[in-house]
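For reference, the structure is listed below as structure tokens.
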Amino acid sequence: MDATAIILLCSTLLSTLINSIAVDTIRANQTITDGETITSARGDFQLGFFSPGSSTNRYLGIWYKKISNGTVLWVANRDSPIKNNLGVVRVTEKGITLQTVDVTIWSSNVSKTMKNPIAQLLDSGNLVVRDDDHKKNNAKYFIWQSFDYPGDTLIAGMKAGIDLVTGLDRYYTSWKSADDPSTGIFSGRIDPNGFPQFFRLKGSARWTRTGPWNGRQFSGSPKLNPNVYTQKFIFNEKEIYYMFDPVKNTSANVRITITPNGDMKHLIWNYHKQIWTTYFTEMVSDCDIYGLCGANDICNINSTPRCECLKGFVPKYPEKWTEVDWSGGCVRKTELDCRTEVGFVKYSGVKLPDTRLSKYDMKISLEECGRLCLKNCNCTAYANADIRNGGSGCILWFNDLIDIKGYTADGQDIYVRMPASELVDSLRFRAKKRVWIILISLLLAVVIALIFMLALRKRKQKEEDNMKLSSETVALNKIESEDWEFLLIDFKRIVKATDNFSQDNKLGEGGFGPVYKGMLNDGKEIAVKRLSKNSGQGVDEFINEVSCIAKLQHRNLVTLLGCCIEKGERILIYEYMANKSLDSFIFDQSRNSMDWPKLYNIINGIARGLLYLHQDSKLRIIHRDLKASNILLDHEMNPKISDFGMARIFEGSQTEANTARIVGTYGYMSPEYAIDGVFSVKSDVYSFGVLILEMVSGKKNRLFSHPDHCLNLLGHAWKCYNEGKFSGLIDEVSLESRNDEVSLESRNGIKVLRVIQIGLLCVQEDPVDRPVMSEVVLMLSSNMKLPHPKKPGFFVERILPEKEHLLCNNKFSSCNQTITAVLPRE
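This is the structure we're talking about:
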């Protein structure tokens, strides 16, 4: 055999050997050298050698491959860098070893000997060692796994906590820097003593504390959006751990990392921008520092000074307290005495104190918890262990109360034990203080009113005029300074385009002001929206609409072409919509109704426009005034969402907000928004559901009437759904096709019933039950099985037709006018 044949044979054998190696597995007869990698089966993760940042050191690690290629999740030899590229990974009967020039740099160091050892990188990002004689990917057969030894990052499926049987402590630690993955000074770990809780350590010292798990989140931690990922905390006789998982049927990629400066960041991969976006950052403020205020006091970041003794307590070292040294804490003014009566003072909205020396029982009620505390002379406080479903479980403290932080939301209630004398004195003092405040306030109000009534009236009017002019000037100047993606059009061009705002060109009028049709010099048709002097909306709504819609581009959103702010004018120029608004088709019986395919196309278009606003745009925008008159139709009957004057922009990880200024249109507003001023993406989902049912029925929600009951349209739809009788709900005229009628048994008829069910899912009373728009779009575009809806919100509200004139004005194009109401909230 000549040399060429030998080389060819060797190449063939080598190729066969390489092809027989699984891309995600290293076997006992194989090695991985610097420059080689293995990849998980789906291609999500990769293992190999890398150099972080500007460093030239080499490390064995696991990183993302399919997304964010190069973002490192785990490092094997983080504290033992390789100074060259001679690293070699082997698998032996004792696990994985990392060597260079026959020197072992790192080893998985397992105690069990394997007959047929393999190392495999799983689709979860977990590197495992197992005996190949056993089943694949079954955790009980893993001899070793990287998930048991976290670095600075937690991903879905990883546990952070303690195995009480084996003693394994899974905790995470920061890198020293972006260029150095060696163990940093910050770490996060569970303390299993008392009621388990999480600590962030700085070196060996406790730096911050989360508070105990309350059934939903750690006490005092912000409530995170359950639509992104779900959290759970398990503690029993065998193990204590925290972990999170992405919501089912979503593609969300989430990781939690502790930075070199100690911040905890919750990051989500943005597929549109191809970057990691910060969903939430657990930064450390004054009141987050463990024990800043010592014992028996409360820290509030919004107060000066930060620390305040609990009721019935005084500073232990008053002289240090005045020097802003609160570490000595507070002591009781009157010691507890079991021979006398005692009670409790309730503190609401706080992060519960350190629970390491506490006792707990998850099976008893809060009332029984209080009785147990009273029976024990050493008990100092008690609280619910689990706040879900009205609260359950009991935590008892028997020592000083350390590290309480004050909150206005996301906190819990704690009951602090007090002697009867302190309770009486506290009640008397508060009552006297309240009376004096009322008397002094009334006296001052009367005196000021008598002396300055006339002068203030004139001055106030003048100041209001000046402030209004000044604020409007500043706000409008900001528009000129911004680099918007549209034109500032001069007033003369608009006057010419609209024939000096001729009545013949007037398209209609809404809460903002009149809208005119115009034509530019190049022949392009436009719609000109002019803020009227007596409009209920002002410069704030004008600025809001410009700032929102100028940054949005979507086929189902109306396009803003320009604006004008000359001579005190506030004018918006939009693309012209030949078919005007949706309400003129579905509510006006004098116009030709649309067939079902067109109506279904409009429903889909509105849904996709809302999905873009809520999820896919540069900004997360809540429209807050979605209704039929704000859906415009172009010449091909494609829907476009308009009127963003009431919209709100959410920043970063914000998912909901509160307001005392309720804006929107009755009949479309969700219950939590109309009553409590709480709005979120689920508020728009509710409005969308109302709109769907109006489009299918051809009736307005609030003006709907029926001879057999007093329900509004939502209530009528709910009744029809439960009884399975839809003939009285569906507008048969609107659902006629070109050739034949749509029966409920036809393909289109089945789609109609499905759309009704989706509409009822969107208007459910509890916002948690409503789907998000990504789910709605999927429901509309697929044949997936739909859940049964629960009862809608506001389904008994009704305004009689004879009262319609109270909501309408004949000069307006729509009877669904936008309202602004300032309502009280608890």
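Residues -22 to -1, 1 to 804 (mature numbering (1 follows the signal peptide of the UniProt record, and there is no 0)) are what the sequence shown spells out, left to right.
Cβ atoms here follow ideal geometry from the backbone N, Cα and C, with glycine treated the same way.
- E260 sits in a strand when the DSSP states are folded into three classes.
- S661 sits close to Y651, with the two beta carbons spaced by under 7 Å.
- When DSSP reads this structure, R680 sits in no beta bridge, so it has no partner.
- Under DSSP, C285 forms a beta bridge with C277.
- In the three-state reduction of the DSSP assignment, A363 falls in the coil class.
- Exposed is the label assigned to Y249, since fewer than 16 other Cβ atoms lie within 10 Å of its Cβ.
- Only exposed fits W414, as fewer than 16 other CB atoms lie within 10 angstroms of its CB.
- Sixteen is the threshold: since fewer than 16 other Cβ atoms of the shown chains lie within 10 Å of the Cβ of I429, the residue is exposed.
- Under the three-state reduction of DSSP output, D80 falls in the coil class, being neither helix nor strand.
- A check of alpha carbon separations from N726 across M261, I708 and L738 identifies I708 as the nearest.
- By the criterion of at least three beta-carbon pairs nearer than 8 Å, the region 153 to 165 is not in contact with the region 285 to 302.
- Within 10 angstroms of the beta-carbon of H592 lie 16 or more other beta-carbons, which makes it buried.
- With respect to G139, I267 sits apart: the two C-beta atoms are not nearer than 7 Å.
- It is roughly 12 Å from the alpha-carbon of F469 to the alpha-carbon of D477.
- Runs of the alpha helix (DSSP H) lying entirely within the region 623 to 664, each at least 4 residues long, are 649 to 654 in chain order.
- Around Q209, the same chain offers F222 as residues with beta carbons nearer than 6 Å, after the five sequence neighbours per side are excluded.
- By the neighbour-count criterion, in which a residue is buried when 16 or more other Cβ atoms sit within 10 angstroms of its Cβ, K383 is buried.
- Listed in chain order, the non-local C-beta contacts of I45 below 7 Å within the same chain comprise N231 and W247, local neighbours out to five positions each way being set aside.
- With respect to G198, G327 sits apart: the two C-beta atoms are not nearer than 7 Å.
- Counting only residues of its own chain and dropping the five nearest sequence neighbours on each side, S102 has a CB closer than 6 Å to the CB of G135.
- For the options D241, V69 and A273, the alpha carbon positioned closest to that of S263 is the one of D241.
- Judged by DSSP in its simplified three-state form, C526 adopts helix.
- The Cβ atoms of G676 and V741 lie no closer than 7 Å to each other.
- In the structure shown, Y552 falls within a strand segment according to DSSP collapsed to helix, strand and coil.
- Comparing C-alpha distances from D57 to each of L51, G13, G129 and K558 shows the shortest one belongs to G129.
- If you check the CB distance, K605 and T643 come in under 7 Å.
- A straight-line Cα-Cα distance of about 40 Å links I212 and K311.
- Contact annotation: the region 182 to 196 touches the region 364 to 376, with at least three C-beta pairs closer than 8 Å.
- Shown here, I133 sits in a strand according to DSSP, grouped into three states.
- In the DSSP annotation of this structure, the continuous segment of the alpha helix (DSSP H) that includes W574 starts and ends at W574 to L589.
- Straight-line spacing of the CA atoms in S336 and F376 works out to 7 Å.
- Residues of the same chain with a CB within less than 7 Å of the CB of A361, apart from the 5 flanking positions on each side, are L330, I373, Q390, D391, I392 and Y393 in chain order.
- The alpha-carbon separation between V755 and N579 amounts to approximately 12 Å.
- Where D561 is concerned, there is no enclosing beta strand (DSSP E), although the alpha helix (DSSP H) around it starts and stops at D561 to I564.
- DSSP links Q123 through a beta bridge to V106.
- Going by DSSP, I504 is part of the beta strand (DSSP E) stretching over E503 to R508.
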